Amino acid sequence: MKTKRAVWKVWNPMTETIHAALKNLESQLGDNGLDVNAAFLLLEHITEKSRASLLADLREPLTVRQAEQFEQLRAELLTGKPVQHIIGEEWFYGRAFTVSKDVLIPRPETEELVQGALQRATRLFNDKSIRVADIGTGSGAIAITFQLEREESQVTATDISEAALVVARRNAERNGAKLTFLQGDLAQPLMNEKWDIILSNPPYIGMEEAPSMSSTVVDYEPHNALFAEEGGLALYQKLAETLPPIMNKPSLICLEIGYLQGSGVKQMFKQAFPNATIEVVQDMNGKDRMIFCEIQ
Ligand code: GLN
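The following block contains the structure:
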């Protein structure tokens with residue numbers, strides 16, 4: 014019996030523990046200037062374990078199938094491919110969203126935009142039924158989360174990209190949200206109605222920043238969701254010009270912005286809505302990241 018076990022051990026290809034795989038991949042990612050957090054996410058995916066049970070089982074070996082899958086996906090990850098594209102999803106506000114090359118991968122900063130919008134919605138509208146639109150919805154993360162967190166809302170989500178709307182519709186279904194989807198450029202599909210809340214995380218990175226950005230972003234995420242003209246400010250200018258006639262009173266515009274764009278975007282909206290109260294709000298990293306424009 015003892016001998017048999019020893020032989021089995023020698024022949025067993027499953028010698029690598031989850032812990033060894035994790036540490037090894039983390040250091041490779043670090044050496045290549047890539048995000049080391051991807052290692053944990055990849056191993057959660059391969060082992061089909063939650064983070065908690067993965068941590069509890071760190072000393073367990075990977076199965077042969079898992080080890081093979083690990084080798085293959087590790088190679089993909091080391092090319093710079095986002096781990097979310099390998100796994101096919103990202104978590105946002107406690108829910109899983111399908112992602113693909115057609116949509117921006119939802120970011121944690123954007124959860125703060127949704128949270129800020131929800132808080133202000135309660136203050137301004139209590140539990141009244143309100144009409145909300147998310148412009149440039151991408152994966153649908155903002156619109157779907159808002160609808161699920163505040164059910165007294167009729168939410169419309171727009172995008173210029175049909176391919177993005179396919180992903181957003183799938184995410185609405187996956188998460189059980191009821192939304193209206195419209196295809197078109199910025200506010201154009203919304204012009205025939207009035208709105209209580211406009212949400213948007215438009216592309217806001219200046220083209221000139223591309224060379225200094227991570228290849229995981231520039232080579233894999235859609236450029237029409239990342240970059241805008243005028244140093245990234247072009248779409249805020251268009252929104253400031255087109256939104257005034259379609260906003261109710263009171264109403265609220267909630268925008269994600271680049272960390273250097275606070276005063277520029279504030280000025281544009283002050284001009285478009287002279288009586289509005291405009292706040293520039295920082296994200297968890299202490300960077301200007303959101304603008305809330307309250308129209309009375
Ligand atoms: N926050 C994103 C990034 O850093 C950019 C998102 C956007 O342009 N709306 O890549």
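So the sequence shown is numbered by this note's numbering: it starts at 14 and just counts up by one.
Just so it is clear, CB atoms sit at the ideal spot from N, CA and C, and this is done for glycine as well.
Here the structure is a predicted model, which means the values were calculated and not measured.
If you measure from the CB of residue i, is any heavy atom of ligand 1 nearer than 7 Å?
{"i": "Ile-218", "result": "yes"}
{"i": "Glu-122", "result": "yes"}
{"i": "Glu-269", "result": "yes"}
{"i": "Val-230", "result": "yes"}
{"i": "Leu-117", "result": "yes"}
{"i": "Pro-235", "result": "no"}
{"i": "Leu-239", "result": "yes"}
{"i": "Glu-50", "result": "The displayed chain sequence assigns Asn, not Glu, to residue 50. Not so, every heavy atom of ligand 1 lies at least 7 Å from the Cβ."}
{"i": "Asn-45", "result": "no"}
{"i": "Asn-214", "result": "yes"}
Drop a sphere of 10 angstroms on the beta-carbon of residue i, count the other beta-carbons inside from all chains shown, and report buried for 16 or more, exposed for fewer.
{"i": "Met-303", "result": "buried"}
{"i": "Thr-171", "result": "buried"}
{"i": "Gln-97", "result": "buried"}
{"i": "Thr-290", "result": "exposed"}
{"i": "Ala-69", "result": "exposed"}
{"i": "Ser-63", "result": "exposed"}
{"i": "Lys-22", "result": "Confidence at Lys-22 is low in this model, with a pLDDT of 40, below 50, so its placement is unreliable and no value can be given for it."}
{"i": "Pro-121", "result": "exposed"}
{"i": "Val-180", "result": "buried"}
{"i": "Thr-60", "result": "buried"}
{"i": "Leu-86", "result": "buried"}
{"i": "Arg-163", "result": "buried"}
{"i": "Asp-140", "result": "exposed"}
{"i": "Thr-193", "result": "exposed"}
{"i": "Gln-309", "result": "exposed"}
{"i": "Gln-274", "result": "buried"}
{"i": "Pro-258", "result": "exposed"}
{"i": "Asp-3", "result": "The chain is shown only over 14 to 309; residue 3 falls outside these bounds and no answer can be derived."}
{"i": "Val-77", "result": "exposed"}
{"i": "Ala-19", "result": "Low confidence applies to Ala-19: its pLDDT is 43, below 50, so where it sits in the model is not reliable, and the reading given next is rough at best. Exposed is the call here."}
{"i": "Pro-287", "result": "exposed"}
{"i": "Gln-196", "result": "exposed"}
{"i": "Gly-6", "result": "Because residue 6 is not part of the residues shown, which for the chain are 14 to 309, the question remains open."}
{"i": "Asn-298", "result": "exposed"}
{"i": "Thr-92", "result": "exposed"}
Report the partner residues of residue i according to the DSSP bridge assignment.
{"i": "Ile-210", "result": "Val-145 and Leu-265"}
{"i": "Thr-111", "result": "Glu-102"}
{"i": "Ser-166", "result": "Ile-143"}
{"i": "Asp-172", "result": "Gln-196"}
{"i": "Met-303", "result": "Glu-269 and Val-294"}
{"i": "Gly-219", "result": "Ala-241"}
{"i": "Pro-95", "result": "According to DSSP, which records beta bridges pairwise, Pro-95 is partnered with nothing at all."}
{"i": "Pro-74", "result": "Thr-30"}
{"i": "Ile-308", "result": "Ser-264"}
Would you mind giving the Cβ-Cβ distance between residue i and residue j, rounded to the nearest angstrom? I have them listed as a contact below 8 Å.
{"i": "Ile-155", "j": "Leu-212", "result": "5 Å"}
{"i": "Leu-75", "j": "Ala-51", "result": "In fact, because the Cβ distance is near 17 Å, the residues do not count as touching under 8 Å."}
{"i": "Thr-169", "j": "Ala-146", "result": "5 Å"}
{"i": "Ile-31", "j": "Leu-55", "result": "Contact doesn't hold; Cβ gap of about 11 Å is too wide."}
{"i": "Ser-228", "j": "Asn-184", "result": "No, Ser-228 and Asn-184 are not in contact; Cβ-Cβ is about 26 Å, not under 8 Å."}
{"i": "Val-112", "j": "Glu-102", "result": "6 Å"}
{"i": "Ile-118", "j": "Glu-234", "result": "6 Å"}
{"i": "Ile-210", "j": "Ala-130", "result": "7 Å"}
{"i": "Glu-206", "j": "Pro-263", "result": "Going by Cβ atoms, the distance from Glu-206 to Pro-263 rounds to 16 Å, so no, they are not a contact pair."}
{"i": "Ser-174", "j": "Asp-115", "result": "7 Å"}
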